[in-house]
Amino acid sequence: MDERSLPDPQPSPAHGVRRRTVRLFLPHRSALFLVVLLIAAYSVFNTAVPLLTQTVFDRALFGPGGPDLPLLATLAATAAALACAVGAVDLAQTWLTARVAQRVVHGLRTEMFDRLQRMPLAFFTAEKGGEIQSRLAGDTAQIEYAVKDTLPSVLAGTIGLLVSAGAMVFLSPALAGVALVLAPLVLLVSSRSGRVLDRLSADGQRARAELSSAVAERLSLGGVILSRVHGRRGDEAAGFAAESERLARLGVRSALVTQWVLSAGHVFFVLTPYLVFVAAGLTDGITPGTLAAFTVLQARIYQPLGQLLHVSTEIRSATGAFQRVFDYLDLRPEPVPEPEPDEDRIPGPGALSVRGVGFRYAGAGEENRPALSGVSLDIPAGSTTLVVGPSGSGKTTLGHLLAGLHPPAVGKVLLDGTEIRAPLPGRICIAVQDPFLLQGSVADNLRYAAPHATADDLVRVCRITRIHDRIAALPDGYDSPVGERGALFSGGERQRIALARALLADTPVLVLDEATSALDPITESEVVEAVLAERRGRTTVMITHRFGVLESFDTVVALEGGLVAQHGTRLDLLGDRHGLYARMVRAQTGAG
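Structure below.
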């Protein structure tokens with residue numbers, strides 16, 4: 001991949017994040033409107049109970065003639081009915097909100113996973129695995145919590161605040177003015193502190209991503225082996241502790257800022273009732289029932305206001321999570337051709353043509369030479385081609401271009417006359433030096449290339465790659481697990497399983513990129529000969545640095561410094577005693 005085609009994530013501005021977040025909910029606006037209605041009904045029913053208190057005090061308990069027991073029973077039954085209505089409405093609102101939350105988060109997760117799958121390989125080379133996991137799992141979980149819990153809290157707090165305030169004004173405008181006079185000051189403190197919380201939240205999310213990346217890398221099998229071999233366990237533990245300490249400090253600062261807001265609210269909550277009591281003593285016509293109802297409503301208004309102050313932190317954290325998800329959704333994926341229907345797909349014979357191809361890896365810098373420069377060659381259909389060269393000569397790069405894993409920066413790679421700009425499943429398959437085995441059984445890994453392959457098919461390809469006996473000796477045979485990344489098998493065994501998987505794909509073109517490098521020379525020669533015999537009449541390109549005993553190839557391509565140094569039959573290239581191929585064969589075999 002050339003530098004010009006690198007992914008270019010652009011962070012979304014904060015206001016843009018909010019607009020995009022709102023657009024996510026537009027398809028669910030009917031459900032959200034119903035949620036708002038349910039929350040409003042909840043607030044009205046909940047506020048009606050304190051209003052009953054006024055009637056209880058002024059008429060049922062302390063009215064003229066003493067307590068009115070029938071009225072008191074009626075009011076108690078009404079309060080019970082309201083409590084049941086509140087519970088039912090709350091249950092319906094919770095169910096509907098959870099459905100909306102899961103749909104929104106499901107859409108974000110699947111869209112981000114699809115976008116990441118289509119990113120160029122250079123993206124995964126540059127991006128940390130822990131960062132990807134943090135955004136795909138951690139940030140979406142935070143968004144789910146915000147939609148499912150925080151959003152209803154904000155709506156309930158806002159609507160409850162308005163309904164309670166309206167009821168207080170209905171009871172006594174004078175007392176309501178006293179009760180609400182300090183509220184703007186609390187909201188001002190919350191707004192000022194919110195800017196600090198925004199920054200702390202963003203820093204905390206980055207620190208958590210770094211910590212996740214460290215865990216994914218350092219506690220992988222390879223990371224643990226590396227640290228133990230080089231005696232770096234203490235250094236790794238110290239590095240992890242430093243990252244964890246940084247996250248802890250950010251958590252303490254965030255908690256302090258949040259508590260500053262809550263403390264300001266607490267002062268408001270403690271001071272206001274006494275201001276109301278003083279005002280009631282100075283106001284004519286305030287009955288005991290009115291004051292009792294007003295006191296209950298004050299508690300009801302404090303609860304949503306405190307709720308709004310508390311969830312402000314979650315809202316800002318969710319905004320940061322949305323922004324990090326949107327950053328990934330804004331990445332530019334590489335174009336992936338639409339697969340043709342199986343019934344219409346007629347694979348060509350498998351002729352490959354490379355026309356003036358040049359390629360430079362992203363970040364290599366202008367001072368470094370390109371990996372390939374002006375490479376041109378033809379690989380006839382059904383032929384077997386050996387690609388050799390010293391380390392850094394461009395062999396793997398050429399293999400990746402032939403398989404469509406990278407588009408060339410200049411020039412073209414053609415398959416049967418059609419340009420290759422992306423992988424072509426069913427047409428070209430590649431087996432690499434460090435194969436990836438999925439968590440699962442041996443059969444699961446083999447059938448990844450051919451889901452409908454029979455048990456006989458699996459045995460056939462594994463016999464070709466000389467791995468059948470090893471698998472058959474396992475307790476569960478082909479149903480035996482492979483372990484994390486195939487850890488239950490040796491490097492050579494993993495390569496042979498991956499090679500059998502590639503054979504099972506049965507593509508017209510097969511590229512072997514150091515796919516047998518972990519085998520001993522004798523086994524490698526046997527496996528390669530068996531693979532070539534199995535693929536007779538199909539195009540096979542083998543890239544290797546160890547080729548001294550390999551003879552069954554139609555042509556040899558020798559690369560050096562990103563250029564084609566030699567191209568011809570094996571005997572022709574051996575005839576040039578001073579050529580690259582002959583010199584490498586002598587170095588490997590010790591021949592004169």
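The sequence shown maps to residues 1 to 592 in UniProt numbering. Think of the CB as a built atom: it goes at the ideal place given N, C-alpha and C, for glycine as much as any other residue. The structure presented is a predicted model; accordingly, all values stated were derived computationally and were not measured.
Extent of the continuous alpha helix (DSSP H) run through A565:
Premise fails: A565 lies in the beta strand (DSSP E), 563 to 568, not in any alpha helix (DSSP H).
What is the rounded straight-line gap between the Cα of G234 and the Cα of V215?
The alpha-carbon separation between G234 and V215 amounts to approximately 15 Å.
In whole angstroms, what separates the C-alpha of D576 from that of D506?
36 Å
Would you report the Cα separation of F348 and I379, rounded to the nearest angstrom?
Residue identity check: residue 348 is Gly in the sequence provided, not Phe. Computed Cα separation, rounded: 14 Å.
Given a cut-off of 7 Å, decide if L175 and V56 are closer than it, judged by their beta-carbon atoms.
A distance of 7 Å or more separates the beta carbons of V56 and L175.
Here's the rule: buried if 16 or more other CB atoms are within 10 angstroms of the residue's CB, otherwise exposed. What is F113?
exposed
Continuous beta strand (DSSP E) assignments of at least 3 residues falling wholly in the stretch 415 to 462:
If we require 3 residues or more, the beta strand (DSSP E) runs fully inside the stretch 415 to 462 come out as 428 to 431.
Element boundaries [alpha helix (DSSP H), containing I379]
No alpha helix (DSSP H) contains I379, which is instead part of the beta strand (DSSP E) from 372 to 379.
Between L377 and G358, is the Cβ-Cβ spacing less than 7 Å?
no
Across which residues does DSSP place G358 in a beta bridge pair?
V410
Examine the Cβ distances between the stretch 454 to 468 and the stretch 398 to 409 and report whether three or more of them are shorter than 8 Å.
no
A351 in three-state terms, based on DSSP
coil
Taking P273 and Q298 to be in contact with their CB atoms under 8 Å, please state how far apart those CB atoms are, rounded to whole angstroms.
6 Å
Grouping DSSP H, G and I as helix and E and B as strand, with all else coil, what is D520?
Reduced to three states, the DSSP call for D520 is coil.
Distance, L474 Cα to residue 608 Cα
Missing from the structure shown is residue 608; the chain here goes from 1 to 592 and no further.
Can you find the residues in the same chain that come closer than 6 Å, C-beta to C-beta, to P50, ignoring five residues on each side of it along the sequence?
A293, V296, L297
The beta strand (DSSP E) enclosing T507, as first and last residue numbers
No beta strand (DSSP E) contains T507, which DSSP labels as neither H nor E.
Own chain residues within Cβ distance below 7 Å of S172, not counting five before or after:
I286, T290, F294
Am I right that A209 and Y42 are in contact with their C-beta atoms under 8 Å? What's the rounded C-beta distance?
For A209 against Y42, the beta-carbon gap comes to about 38 Å, at or over 8 Å, which does not count as contact.
Shortest alpha-carbon distance to L108 belongs to which of C84, G87, D90, L136?
If you compare the alpha carbons of C84, G87, D90, L136 with that of L108, the shortest gap goes to L136.
Close-in-space but distant-in-sequence residues of the same chain around L503 (CB under 8 Å, 5 per side omitted):
V461, I464, T465, L510, V531, E534, R535
Return the Cβ separation of G392 and G350 in integer angstroms, given the expectation that the two are a contact with Cβ distance under 8 Å.
About 28 Å separates the two Cβ atoms, so there is no contact after all.
Going by C-alpha distance, which of R249, H406, E245 is nearest M119?
Comparing Cα-Cα distances from M119 to each of R249, H406, E245, the minimum goes to H406.
Buried versus exposed call for T493 [16 or more other C-beta atoms within 10 Å across all chains shown]:
Going by the sequence as given, residue 493 is Glu instead of Thr. With 16 or more other Cβ atoms within 10 Å, it is buried.
Using the Cα positions of residue 594 and G239, report the straight-line distance between them to the nearest angstrom.
The displayed coordinates of the chain run from 1 to 592. Any statement about residue 594 would go beyond what the structure contains.
Is the separation between the beta-carbon of L38 and that of V100 shorter than 7 Å?
no
Once the 5 residues before and after A165 are set aside, which same chain residues still bring their CB inside 8 Å of it?
If you ignore the 5 residues before and after A165, its C-beta comes within less than 8 Å of the C-beta of A176, L180, I301, all in its own chain and listed in chain order.
Can you tell me which of the three DSSP states Y581 falls into?
Helix.
Express the C-alpha separation of D416 and E343 in angstroms, rounding to a whole number.
Note that E343 has pLDDT 42, beneath the 50 cutoff, so the model's placement of it is unreliable and the number below is only indicative. For E343 and D416, the distance between alpha carbons rounds to 19 Å.
For the beta strand (DSSP E) holding I543, just list the boundary residues, first then last.
Unbroken beta strand (DSSP E) run through I543: 539 to 543.
DSSP three-state label for S559, please.
Per the sequence shown, residue 559 should be read as Leu rather than Ser. Note: L559 maps to strand in three-state DSSP.
Residue burial classification, G66 (beta-carbon count within 10 angstroms, cutoff 16)
Exposed: under 16 other Cβ atoms inside 10 Å.
Go to T283, then tell me how far its alpha helix (DSSP H) extends in each direction, as first and last residue.
Run containing T283: none; DSSP gives neither H nor E here.
Does the Cβ-Cβ distance between E243 and L211 come in under 7 Å?
Contact annotation: E243 and L211 have beta-carbon atoms nearer than 7 Å.
Candidates Q588, A207, A450, S213: closest to V388 by CA position
Ranking Q588, A207, A450, S213 by Cα distance to V388 puts Q588 first.
Does DSSP put V482 in a helix, in a strand, or in coil?
coil
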